[in-house]
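When we follow full-length UniProt numbering, the leftmost residue of the sequence shown carries the number 1, and every step to the right adds one. First the structure, in the form of structure tokens, and then the observations on it.
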Amino acid sequence: MSTFEGKWQMTSSENFDAYMKALGTSFLVRKAAAAATPVQDIRCHGNGRYTIVTITSIKTIELNFTLDEEFDETTADGRQAKSVVTMAAPGKLVHQQRGQPEVIITRQLEPDGQGFVMTLECKGVTCVRRYKRM
1 MSTFEGKWQM
11 TSSENFDAYM
21 KALGTSFLVR
31 KAAAAATPVQ
41 DIRCHGNGRY
51 TIVTITSIKT
61 IELNFTLDEE
71 FDETTADGRQ
81 AKSVVTMAAP
91 GKLVHQQRGQ
101 PEVIITRQLE
111 PDGQGFVMTL
121 ECKGVTCVRR
131 YKRM
């Protein structure tokens, strides 16, 4: 995951409102979240331990985890989930949130290492967000 390390700015977002609806998020929260342009700061601490800090004008969320180990997570929208993050392949992180509803978030590094595509899936609805290295 060291290739994911660094700060990343979101450059595009597709189908985010529909994804948020699938999560059960209220209209006002969806509109506020849609207006945000997140920065993700991804850090590696060694021994499979990582931190992903997502920064927006609304709030900052810090996610700490160890690869392949289940952990309790309070999601960005306030849900409680049992989660696990795996390195599914070189340059591909898969984050599974087991809760109501279940969510799968995939980060796929682009071949040049200067961007990644984040895919969020919930109840058959897919959102695609693109990030570039800052």
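Built from N, CA and C at the ideal position, the CB exists for glycine as well.
* To do: Just mark Arg-49 as buried or exposed, buried being the case when its beta carbon has 16 or more other beta carbons within 10 Å.
  => Under the 10 Å beta carbon count, Arg-49 is surrounded by fewer than 16 other beta carbons and is classified as exposed.
* By how many angstroms is the C-alpha of Val-94 removed from the C-alpha of Ile-104? -> A direct Cα-to-Cα measurement between Ile-104 and Val-94 gives close to 7 angstroms.
* Asked: If you run the structure through DSSP and keep just helix, strand and coil, what is Thr-3?
  -> Here Thr-3 sits in helix by DSSP.
* Option in Gly-78, Val-84, Asp-77, Asp-41 with minimal Cα separation from Glu-69 -> Among Gly-78, Val-84, Asp-77, Asp-41, the Cα nearest to that of Glu-69 is on Val-84.
* To do: Taking all protein chains shown into account, decide if Met-134 is buried (16 or more other Cβ within 10 angstroms of its Cβ) or exposed.
  => Counting other Cβ atoms within 10 Å of its Cβ, Met-134 stays below 16 and is therefore classed as exposed.
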